[in-house]
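In my numbering, the protein residues as written are 792 to 931. In what follows, a structure is listed as structure tokens, so that the remarks can point back to it.
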């Protein structure tokens, strides 16, 4: 019997997803860093505004960090990373719709998420993240 581990080749869609996630991360991180650097000296006089901006920065860093973890998982071809990326894209698309109807659309983020979902649903990408079943065990 051949006991050599099977090497799964990454399709182009994986790399496209990773690039799109990295673009999303930069969109999430960079404004937060700029706001933090700009406001660092005047946080106390404008406490109400600074608190709101701090919440936005913290949320951006948290979502960006989760996206970064998903990128690492995708590079390692972990199924949980595919699922997490799909969930994150869904949440981001829902948030994009809310912002659109509040007249604060984020068109670039919305476009990135549509392309991201397109690549996540490609057959070769889904196949690489398919659950592995042991031979002889019936599908449930």
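All residues carry an ideal CB built from backbone N, CA and C; glycine is no exception.
Nearest-angstrom Cα distance between residue 915 and residue 876? 16 Å
With a threshold of 6 Å on Cβ separation, who are the neighbours of residue 904 within its own chain once the five nearest residues in sequence on each side are excluded? 880, 883, 884
DSSP three-state call for residue 912: helix, strand or coil? coil
Please name the residue, chosen from 859, 867, 866, that lies closest to residue 820 on a Cα-to-Cα basis. 859
Given a cut-off of 9 Å on the beta-carbon distance, is the pair residue 813 and residue 862 in contact? yes
Taking only three categories from DSSP, how would you classify residue 839? Note that residue 839 scores 49 on pLDDT, short of 50, meaning its location in the model is unreliable and no value can be drawn from it.
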